[in-house]
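Visitor: One structure, pasted below without further comment.
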Amino acid sequence: STSDGPLGIGRVALPEEVAAWDLDVRPDGHGLPVGSGNVADGDELFQDYCAVCHGVFAEGVDNWPKLAGGSDTLDRDDPLKTVGSYWPHLSTAWDYVNRSMPFGNAQSLATDEVYAITAYILYSNDLVDDDFVLSNENFSEIVLPNADGFIIDDRDETELPVFSQEPCMENCKEAVEITMRATVLDVTPDQTAAREAFIAEEAAEAEAEAAEE
Amino acid sequence: MTANSNDMKSSRRAFLRGALAAGGAVAGATAARAAGPDPLITEVQSWASGLGAPVDATPYGLPIQFESDVIRRNVEWLTADTISSINFTPIHALDGTITPQGCAFERHHSGAIELSKKDYRLMINGLVDRELVFTYEDLERFPREQHVYFCECAANTGMEWAGAQLNGAQFTHGMIHNMEYTGVSLRTLLTEAGLDAAGDLSDKWVYVEGADASSNGRSIPMEKALDDVLVAFKANGEALRMEHGYPARLVVPGWEGNMWVKWLRRIEVADAPVESREETSKYTDTLADGTSRKWTWVMDAKSVITSPSPQSPIRHGKGPLVITGLAWSGRGAITRVDVTVDGGKTWQPARLAAPGQKMALARFYFDHNWDGEEMLLQARAHDETGYVQPTKDQLREVRGLNSIYHNNCIQTWWVKPNGEAENVEIS
């Protein structure tokens, strides 16, 4: 009975409260506030707030995410996935920068600053000219290169029939060979190089103790 | 990780002493030590004559010092920093199915935030009859449910796509935990806000986001939202840990861990998905031809042998050996786990410690008499839909090497005659 209707718990959300928290922007531009920003301003803002991690040209520093480059690499061995090469919707870039960047000082950018930084990211990806102005008016006209690069999960068709067969239990293969070993890479913390060192050290110690006994 | 190193050192010492003592003519490690009376038995020990700790010593206890290697570990090179990063549950050292909260893995995108119950607010807005705000106290007044579910990061085993890379079940399979949750069904909360305004629910979505800077916003189809999603505030009997979303998180049974939004602050009913950063740039799976799958929500059937494994070598010599591990499926209950000791030439069903539960970890045991020869150990999970856990090669054939997420392949451990185990791939 309790699940049939409201229990009268909670209170009505005020418009100011919804406006403060409901910031998400959808691919069709739903949720975008009125505003604009150009590439030049975006460049300046990017150098001040973003370049320390993402590089002067949005190309990334060290292990920090690269926001530009990687065009036509998605079918290669090491695809470089950036806003330009991978992201399907510009709305996501605007929304994510607005709500969660800069890392460590999120929600500190004004609306026009987010437009300007987004314009600069487009420019860094060679998708607009250096005099481009991005606004809520022309936002939906921007189509990112990989907009059609995604398909909805198709495992039910491509995998489930194959992986739902009764498997082999006896005489399943004649020979088994080891083709790859994790210890060759030796990138596991505390567990490989360090471990081998302990084994060697402790073997020596134990032998010494055994000799004394 | 000094403490960890010391523990490894002491366990190695014990192992090597045992091995040296056992060396020689006597077969069987246990028999070797019985050459004379055991002083641990024949001499009165301090704990048998003195006093232990009083009941007021530990108002909230931690594991005994001898278990100090059973801890979360991180892998520095995996991420740019330790804030938007991952650590790993020590599954190699656990048994049963319930993960102790204190060593259950963490994955944050802007760190683990401290949010008090007093400061907590949950908003429901969008296509609802009444846009609402709840306090934490409000949440506790709704009818509750209680369920056990696994939470597995979409990237669990992701580093292993290209080959055998990390040497230990903790690292290859430890982005997972399994807890008993208490909370309110999302359906109950949506009913409170009223869904009449939403009209036809079959094409509606909910967008959920956290109170942290990353927000971790994700879109969930209404059918799932109304099915079994929970807003949980208790896990394994007590409040959520800070790092697991205190005071309230989303529990999305069977679906990738990224959607289990922590520090949940807002639920929006909408007529379209947001296609947020976490469901476009991340948590999309690139195939060999360069196209990518999106909305790969469910975690497929998977298993791993937790012992023996690289971090849990065989130290007792040949003879009876407990081979044990975990199996789980986002599509339903685990019905069977097969184990092979010869790299897949021959398989035998393992024992499930208890009947499999929907979208929860299952523990399996395979009682083996080890002859001291090398083994190539694998486990293979079956779920109630008839799905059988595939090999890595089977997955690669469909997906290529670059899908990052959803690697539920069969894992191989090479157990050597000295009892050490290694992460390998085999033909």
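If you read the sequences in order, they're chains A and B. First residue of the first sequence: 14, per this note's numbering; consecutive thereafter. First residue of the second sequence: 63, per this note's numbering; consecutive thereafter. Even glycine gets a Cβ: it sits at the ideal position worked out from N, Cα and C. A quick note: this is a predicted structure, and the numbers were derived from the prediction, not measured.
On the premise that GLY394(B) lies in contact with LYS420(B), defined as a C-beta separation below 8 Å, what is that separation, rounded to the nearest angstrom?
Guide: LYS420(B) to GLY394(B), Cβ: 5 Å. Contact.
Visitor: I need the DSSP call for ALA33(A), collapsed to helix, strand or coil.
Guide: Of the three classes helix, strand and coil, the one that applies to ALA33(A) here is helix, per DSSP.
Visitor: For LYS79(A), does the count of other Cβ atoms within 10 angstroms reach 16, so buried, or fall short, so exposed?
Guide: Classification of LYS79(A): buried, given that the 10 Å Cβ count is 16 or more.
Visitor: Counting only Cβ pairs nearer than 9 Å, list the residues of chain A close to ASN187(B).
Guide: In chain order: ALA26, GLU30, VAL31, TRP34, ASP35.
Visitor: Out of TRP100(A), VAL200(A), LEU36(A), which one is the CA nearest neighbour of SER276(B)?
Guide: Answer by Cα proximity: LEU36(A).
Visitor: Would you say LYS407(B) lies against chain D (beta-carbon separation less than 8 Å)?
Guide: Within the model displayed, chain D is absent; protein chains A and B are what it includes.
Visitor: Out of GLY68(A), VAL110(A), VAL47(A), state which residue places its alpha-carbon closest to the alpha-carbon of ASN151(A).
Guide: That would be VAL47(A), whose Cα lies nearest to the Cα of ASN151(A).
Visitor: Please name the residue or residues paired with SER148(A) in a DSSP beta bridge.
Guide: In the DSSP output, where bridge partners are listed per residue, SER148(A) has SER49(A).
Visitor: Quick one: which residues of the segment 148-181 of chain A get their C-beta closer than 9 Å to a C-beta of chain B? List them in chain order.
Guide: Within the segment 148-181 of chain A, the qualifying residues are ASN159, ASP161, GLY162, PHE163, ILE164, ILE165, ASP166, ASP167, ARG168, THR171, GLU172, LEU173, VAL175, PHE176, SER177, GLN178, GLU179, PRO180, CYS181.
Visitor: For the alpha helix (DSSP H) containing GLU126(A), list its first residue and its last residue.
Guide: Residues 124-137.
Visitor: Based on the DSSP secondary-structure assignment, which residues constitute the bridge partners of ARG425(B)?
Guide: BP columns for ARG425(B) point to LEU388(B).
Visitor: Would you verify that the beta carbon of TRP476(B) is, or is not, closer than 8 Å to some beta carbon of chain A?
Guide: Taking Cβ atoms only, chain A reaches closer than 8 Å to TRP476(B), which makes this a yes.
Visitor: THR358(B) by DSSP, collapsed to three states: which one?
Guide: Three-state result, THR358(B): coil.
Visitor: In three-state DSSP terms, what is GLN419(B)?
Guide: Of the three classes helix, strand and coil, the one that applies to GLN419(B) here is coil, per DSSP.
Visitor: Does DSSP put GLN232(B) in a helix, in a strand, or in coil?
Guide: Helix at GLN232(B).
Visitor: Chain B beta carbons: is any one of them nearer than 8 Å to that of ALA81(A)?
Guide: No, ALA81(A) does not count as interfacial toward chain B.
Visitor: Kindly give me the distance between the Cβ atoms of LEU201(B) and VAL293(B), rounded to whole angstroms, as I take these residues to be in contact under 8 Å.
Guide: Yes, LEU201(B) and VAL293(B) are in contact; Cβ-Cβ is about 7 Å, under 8 Å.
Visitor: If you run the structure through DSSP and keep just helix, strand and coil, what is GLN410(B)?
Guide: Strand, per DSSP.
Visitor: From GLY164(B) to GLY55(A), what does the alpha carbon distance come to, in whole angstroms?
Guide: Near 44 Å, if we compare the C-alpha coordinates of GLY55(A) and GLY164(B).
Visitor: Near VAL486(B), which residues of its chain fall below 7 Å by C-beta distance, leaving aside the five closest residues on each side in sequence?
Guide: Excluding positions up to five away in sequence, the list reads ALA226, THR474, TRP476.
Visitor: Starting from HIS102(A), find everything on chain B with Cβ-Cβ shorter than 7 Å and list it in chain order.
Guide: Chain B residues near HIS102(A): GLU337, THR342.
Visitor: Just to confirm, is the Cβ distance from THR124(A) to ALA106(A) under 8 Å?
Guide: Their beta carbons are not under 8 Å apart, which means THR124(A) does not touch ALA106(A) by this criterion.
Visitor: In whole angstroms, what is the alpha-carbon distance linking ASN149(A) and ASN51(A)?
Guide: Cα-Cα distance, rounded: 12 Å.
Visitor: For GLU29(A), does the count of other Cβ atoms within 10 angstroms reach 16, so buried, or fall short, so exposed?
Guide: So GLU29(A) ends up on the exposed side.
Visitor: Relative to chain A, which residues along the segment 195-229 of chain B have a C-beta separation below 7 Å, given in chain order?
Guide: Listed by position along the chain: VAL195, PHE196, ASP200, ARG203, PHE204, PRO205, GLY225, ALA226, GLN227, LEU228, ASN229.
Visitor: Run through chain A and tell me which residues come within less than 9 Å of LYS356(B), C-beta to C-beta.
Guide: By Cβ distance, chain A contributes PRO101, PHE163, ILE164, ILE165, ASP166.
Visitor: With DSSP as the reference, identify every bridge partner of PHE150(B), one or two as the case may be.
Guide: Paired residue(s): ARG135(B).
Visitor: Measuring CB to CB, does ASP41(A) end up less than 8 Å from GLY352(B)?
Guide: No; because the gap between Cβ atoms is not below 8 Å, this pair is not in contact.
Visitor: Assuming LEU184(B) and ALA310(B) are in contact, meaning their beta carbons sit under 8 Å apart, how far apart are those beta carbons, in whole angstroms?
Guide: About 7 Å separates the two Cβ atoms, so the contact holds.
Visitor: Please determine, among CYS213(B), ARG280(B), PHE212(B), LEU140(B), the residue with the shortest C-alpha to C-alpha distance to ARG327(B).
Guide: Closest by alpha carbon: ARG280(B).
Visitor: Does any C-beta atom of chain A lie closer than 8 Å to the C-beta of PRO61(B)?
Guide: The first residue shown for chain B is 63 and the last is 489, placing residue 61(B) beyond what the model contains.
Visitor: How would you list, in chain order, the residues of chain A whose beta-carbon sits under 7 Å from the beta-carbon of PHE233(B)?
Guide: The contacting residues are THR201.
Visitor: Checking the sheet assignment: what are the DSSP bridge partners for THR474(B)?
Guide: In the DSSP output, where bridge partners are listed per residue, THR474(B) has VAL486(B).
Visitor: Grab me the residues of ARG461(B)'s own chain with a C-beta within less than 6 Å of its C-beta, minus the 5 sequence neighbours each way, in chain order.
Guide: Closer than 6 Å at the Cβ level, and outside the excluded window around ARG461(B), lie LEU349.
Visitor: Quick one: Cα of LEU414(B) to Cα of LEU156(B), how far?
Guide: Using only the alpha carbons, I get a separation of about 16 Å.
Visitor: I believe GLU176(B) touches MET304(B) by the beta-carbon criterion, under 8 Å. Please report the beta-carbon distance rounded to the nearest angstrom.
Guide: Right, their Cβ atoms sit about 6 Å apart.
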